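K.L.:
Dropping the structure in here first, questions after.
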Amino acid sequence: MRVGVGVPTSTPGADRDLVLQWALQADARFSSLGVVDRLVYDCWDPLASLAACAAVTERVRLVTMIVIGPIRNTALLAKQAASLDALSGGRLVLGLGLGARHDDYEAAGVDPGHRGVDLTCQLLDLRRVWEEDLVGPRPAQPDGPALLVGGGGSAAFARAARHADGYVHGGGPPRAFAGAAARVRAAWAEAGRPGVPQLWGQAYFALGSSTTIARGADYLRDYYRFTGGFEERIVAGNLTRPAAVKDLARAYEEEGCDELVLLPTVSQLDQLERLADVLA
Amino acid sequence: MKINVLGAGPAGLYFAILMKRADPRHEIAVFERNHPDATFGWGVVFSEGSLDELEHADYESYVSITDACANWNPIDVRYRGTSTRIRGNVFSGVGRKHLLSILQARAAELGVDLVFLREVDSLEPYLDADLIVGADGANSFVRHTLADRLGPLIDLAPSKYAWFGADLAFPVFTYIFRETDWGLFQAHCYPYDESRSTMVLLISEETWQRAGLDQLDEQGSLELCEGVFAEDLQGHRMLSNRSLWINFPWVHCRSWHADNLVILGDAAHTAHWSIGSGTKLALEDAICLARAFVKHRGRLDPSLAEFELERQPVVERLQQASRISCDYFQSLQRYFTFDRLQFAYQLMTRTPRVSHTNLTVRDADFVRRVEADFAERATGRAGYAAPPPIFAPLHLRSLTIPNRLAFFPRGAPLDQGAGLVISGLHAVSPEGRVTPETPVGISSPPPDGPLVCLQIGHAGRRGSCRQSRFGVDRPLPETDAWQVVSASPIAHAPWMPVPRELDRQGMESVCIDFVAAARQAAEVGHRMLMLDFSRGGLMASFISPLSNRRQDEFGGSLENRMRYPLQVLNAVRAAWPPELPLAVAFSAADHVKGGLRQSDSLAAAVMMREAAADILLVLTGQTTFDSHPEYGRMYGVPCSDRVRNEAGAPTIAFGQITTLDEVNTILAAGRADLCVLDR
């Protein structure tokens, strides 16, 4: 299993220096840099952030976990993704999902009523735009960036298995990941696809002093306030001890996770070092 | 902390006990509408083994409860004049009244304030506490009051059940199935002390009406049931205590807490009584919540979050299993052709929690007899012992499939070990290809190695696509595409081309193509053929009402929609050597609103069986772009089970079957005749 790290693009106090330093230092130590997406929130655009990361790195893969597909125009998204793939020398992995909030759709002026179908069509259209060079440029990767699908229920598993290259899990205990992974594999078998689906996982972490941990909890509470009560569960799942990080990584690996991306919850550069030490 | 607990059932009392134990300074009151001695429901049963968790939570009450329990491990299944015993299960039962009196006494001893005969009709008087606990049962007032915060979903099982007592101790847990003129009566009976048992009765709504139970009063209902189970009661009496016939309510909640209010036990979630875990769940809820409060030093938010985080997955798994169990008991008449051993085996393995291996550990001798029986049915040879069902041959016409494992091909070395390899699709014509690479016709003999079942079909509106490396249903660029056909001009997906409606001439020509392909297959030496009537292909497009809007005699009713696929099946059967088997791959469910009804799906299976399809590969979904099953362990098996045991057609099951233990269980329980192993 490969391990990537999230970029602090939505934690409070993140700035240009932090993000560029973060990317620079992660380049040699982690397999990928991941970003999350939300429109109505004080956070940076995922593709713009990854473009900045691309400029200062050489080898890490750049992954969206996920971008909310249906609120974006597909031709524009295809162009942005292809450009980012070209600018990074073929390092983009594009995870797409529906998102969990209606306010993002409202702000984008997009009707969420048929977002499931919209996302499925978008997956097919992205691939077609790249393959048939409908808008240009061509992505650097000959087959285009790998497409991942995120989301919970069977519709998401089917979408990932039928129309993408894999699945990105939304986070949770290893048992939850294992359950989703088994269903994605089953949907893949049902679709009769050759090979196996890529399986990506993610988890939040905050390592260090009790102040750091508390700050991480505050961020998660704020970020997930929209869930109306579930934020405490997400806080409870935050990895705040080195042993918890190791245990989770080991368990995800056992469940067949291809790449686990650990997302920071505080805007502190020391998190990268601490995480790398734990995983060393 | 000041804590108000509403409801003095096991969950509420036990939580009060544990909190008071953890810190005697907590001020805890429990409010109950009934008298301390009033209880409904006779005995409760703890299946799933031990009550170890109680031992660590509160040793004093644990000792009293275990002392009061009746323990036994066999199960008896009384079915069609036979009785079959399965050993090695662990059960205990205790009178509900006894259990409550132990918990009441323990709570009182610790200084919990117990207030009985207090009807709660408003939360207002109880809100002056740091924590309010709704432990007020399946009809929870607390949950009802906070519905917009907790998001409860309640639905009712279609069958009727009632709790009775009996003044005899059944020797062990006993399932009784009695067929009457009104319909089937089942009783799930367990002793809870030296001289009394609980009898939970389950009947269908129709049986309930036919027996006139909708008209009878409590006494009348008791007498009628005593009559039905007279043989089992051996002169003893059944007892009624508000033993009303009700529909089981499934309770699910989005959340179990709102601010400083939390619900526990049946108030938060119900699990069908047929897996006997409601009380255990309630007690474990109480343990988990109390532990969370200790860990987080009484801080509300993290404690309640941890409680949900920890309990919800456990409860969900159990609810799922209990739903399967409930479905099973509501539909088990489909297994009434089974002999007694297979019937009992089916009952024991009704939820995926008990597999062939688990059962072997519990009662090796029972499983040996089941296996010997299975082998005897497969080979005609009786014996003392036989290899597990997976190794039994399957005879279809003159063909013998050496074992019960079917694979979809993954290349020669990986396909070894299969009894049957089901080939990829061979198109009957160039228009019938899925992708330009789909083979057309059959030119080469079957390869060496495991027996091959050659699959032929016509992709219909799912044709003219690119290879599936980057996904399915991706249409070819216009320059390479061909015109696709279907039952009606309805596209498979919004991004796919609208097919041309297949006209009569086209139908005849496709039928001829099928026949020609079958002849070719026979000529080159294939010995088993499968017609693809599934996954949105041309034949499937006729069967599903989602894709068939024809106005002619091939559209409309199921008979009409099946007309063309059956013509093709009959034509192929006539051309395919009579001594060789013919299979059909069939999408038995669309999983989309307006799709194939379950009754139609079974009727279609009957028609195909009567048209001499020897075995059906039961698939579901993929008939339209957004049609998919609810994935999960062995998700395709219930459909195979229905087709096999209600439509009477041998089946091949498919759908997340991943272990040989699962295969053995499915086979021995008669849910399929072959299984496709996911690899």
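Chains as they are written, first to last, in my numbering: chain A, 1 to 280; chain B, 1 to 679.
Virtual Cβ for every residue (Gly too), placed ideally from N, Cα, C.
Just so it is clear, the structure is predicted and the values come from calculations on it, not from any experiment.
1) Please classify residue 397 of chain B: does DSSP put it in a helix, a strand, or coil?
2) Can you list, in chain order, the residues of the stretch 111-136 of chain A whose Cβ is nearer than 8 Å to any Cβ on chain B?
3) Where does residue 71 of chain B sit, in a helix, a strand or coil, going by DSSP?
4) Ignore the nearest five residues each way along the sequence and tell me which others in residue 606 of chain B's own chain have a CB closer than 6 Å to its CB.
5) For chain A, find out if any of its Cβ atoms is closer than 9 Å to the Cβ of residue 682 of chain B; answer yes or no.
6) Under 9 Å between the Cβ atoms of residue 197 of chain B and residue 47 of chain B?
7) Name, please, each residue of chain A whose Cβ falls closer than 7 Å to the Cβ of residue 631 of chain B.
8) If we ignore side chains and look at the alpha-carbon of each, how far apart do residue 276 of chain A and residue 268 of chain A end up?
9) With a threshold of 16 other CB atoms inside 10 Å of the CB of residue 235 of chain B, please say whether the residue is buried or exposed.
10) If the cut is a Cβ gap below 7 Å, which residues of chain B does residue 192 of chain A touch?
11) Report the three-state DSSP secondary structure of residue 257 of chain A (helix, strand or coil).
12) Is it a yes or a no for the stretch 1-10 of chain A touching the stretch 24-33 of chain A, going by three-plus beta-carbon pairs under 8 Å?
13) Quick one: what's got a C-beta closer than 7 Å to residue 433 of chain B's C-beta in the same chain, skipping five residues either side?
14) Is residue 224 of chain B closer than 9 Å to residue 204 of chain B when the C-beta atoms are compared?
15) In chain A, what lies closer than 8 Å to residue 472 of chain B by C-beta?
16) Kindly list, in the order they appear in chain A, the residues whose Cβ is closer than 8 Å to that of residue 308 of chain B.
17) Do residue 281 of chain B and residue 315 of chain B have their beta-carbon atoms positioned less than 9 Å apart in this structure?
18) Starting from residue 175 of chain A, find everything on chain B with Cβ-Cβ shorter than 8 Å and list it in chain order.
19) Would DSSP call residue 495 of chain B helix, strand or coil?
20) Rounded to the nearest angstrom, how far is the Cβ of residue 286 of chain B from that of residue 59 of chain B, given a contact under 8 Å?
21) Cα-Cα, which of B/88, B/255, B/504 is closest to residue 362 of chain B?
22) Consider the Cβ of residue 230 of chain A: report whether some Cβ of chain B lies at a distance smaller than 9 Å.
23) Closest Cβ-Cβ distance between residue 69 of chain A and chain B: below 9 Å?
24) Near residue 341 of chain B, which residues of its chain fall below 7 Å by C-beta distance, leaving aside the five closest residues on each side in sequence?
25) What is the DSSP secondary structure of residue 533 of chain B, counted as helix, strand or coil?
26) Quick one, are the C-beta atoms of residue 586 of chain B and residue 546 of chain B less than 9 Å apart?
27) Let me check one thing: in DSSP terms, what residues is residue 113 of chain B bridge-paired to?
28) Check whether the Cβ of residue 166 of chain A lies closer than 9 Å to any Cβ atom in chain B.
29) Since residue 255 of chain B meets chain A, which of its residues come closer than 9 Å, beta carbon to beta carbon?
30) Would you check if the distance between the CB atom of residue 658 of chain B and the CB atom of residue 633 of chain B is smaller than 9 Å?
31) Run through chain B and tell me which residues come within less than 7 Å of residue 236 of chain A, C-beta to C-beta.
32) Please list the residues of the stretch 554-582 of chain B that have a C-beta atom closer than 9 Å to any C-beta atom in chain A, keeping them in chain order.
33) For residue 253 of chain B, does the three-state DSSP call read helix, strand or coil?
34) For residue 495 of chain B, return the contacting residues in chain A, with the cut-off set at a CB-CB distance below 7 Å.
35) Answer yes or no: does any C-beta atom of chain B fall closer than 9 Å to that of residue 143 of chain A?
36) At a CB distance below 7 Å, what residues from the stretch 143-156 of chain B approach chain A? Give them in sequence order.
P.N.:
This is what the structure holds:
1) The three-state reading of DSSP puts residue 397 of chain B in coil, since its state is none of H, G, I, E or B.
2) Residues of the stretch 111-136 of chain A whose Cβ lies closer than 8 Å to any Cβ of chain B, in chain order: 116, 117, 120, 121, 123, 124, 125, 127, 128, 132.
3) Per DSSP, reduced to three states, the secondary structure at residue 71 of chain B is strand.
4) Only residues of its own chain outside the window of five on either side were considered, and among them 647 have a CB closer than 6 Å to the CB of residue 606 of chain B, listed in chain order.
5) The question about residue 682 of chain B has no answer here: the residues shown for chain B are numbered 1 through 679.
6) For residue 197 of chain B and residue 47 of chain B, no; Cβs fall outside 9 Å.
7) Those within 7 Å of residue 631 of chain B in chain A are 154, 157, 183, 186, 187.
8) Residue 276 of chain A and residue 268 of chain A: Cα-Cα distance of roughly 14 Å.
9) A residue is called buried once 16 or more other Cβ atoms fall within 10 Å of its Cβ, and residue 235 of chain B, having fewer, is exposed.
10) What residue 192 of chain A touches in chain B, judged by beta-carbon distance under 7 Å, is 468, going in chain order.
11) Correct three-state label for residue 257 of chain A: coil.
12) With the cut-off at 8 Å, the stretch 1-10 of chain A and the stretch 24-33 of chain A touch.
13) Excluding positions up to five away in sequence, the list reads 427, 440, 459, 463.
14) Their beta carbons are not under 9 Å apart, which means residue 204 of chain B does not touch residue 224 of chain B by this criterion.
15) Residues of chain A passing the Cβ test: 162, 163, 191, 192, 193.
16) Chain A residues near residue 308 of chain B: 233.
17) Going by C-beta atoms, residue 315 of chain B is nearer than 9 Å to residue 281 of chain B.
18) Here the neighbours are 313.
19) Look at residue 495 of chain B here: in three-state DSSP terms it is coil, with no helix or strand label.
20) Taking the Cβ atoms as the reference, residue 286 of chain B lies roughly 15 Å from residue 59 of chain B, outside the contact range of under 8 Å.
21) Check the Cα spacing between residue 362 of chain B and each of B/88, B/255, B/504: the tightest is with B/88.
22) Taking Cβ atoms only, chain B reaches closer than 9 Å to residue 230 of chain A, which makes this a yes.
23) Closer than 9 Å: no.
24) Contacts found: 84, 369, 370, 373.
25) Strand at residue 533 of chain B.
26) No. Outside cutoff.
27) Bridge partners of residue 113 of chain B according to DSSP: B/29.
28) No - not a single Cβ of chain B is within 9 Å of the one on residue 166 of chain A.
29) Going along chain A in sequence order, the residues near residue 255 of chain B (Cβ under 9 Å) are 228, 229, 230.
30) The answer is yes: Cβ separation under 9 Å.
31) For residue 236 of chain A, the chain B residues whose C-beta falls within less than 7 Å of its own C-beta are 302, 305, 306, 309, listed in chain order.
32) Taking 9 Å as the cut-off between beta carbons, none of the residues of the stretch 554-582 of chain B comes near chain A.
33) Correct three-state label for residue 253 of chain B: strand.
34) In chain order: 121, 124.
35) With respect to chain B, the C-beta atom of residue 143 of chain A has a partner C-beta closer than 9 Å.
36) When CB distances to chain A are screened at a threshold of 7 Å, not a single residue of the stretch 143-156 of chain B falls below it.
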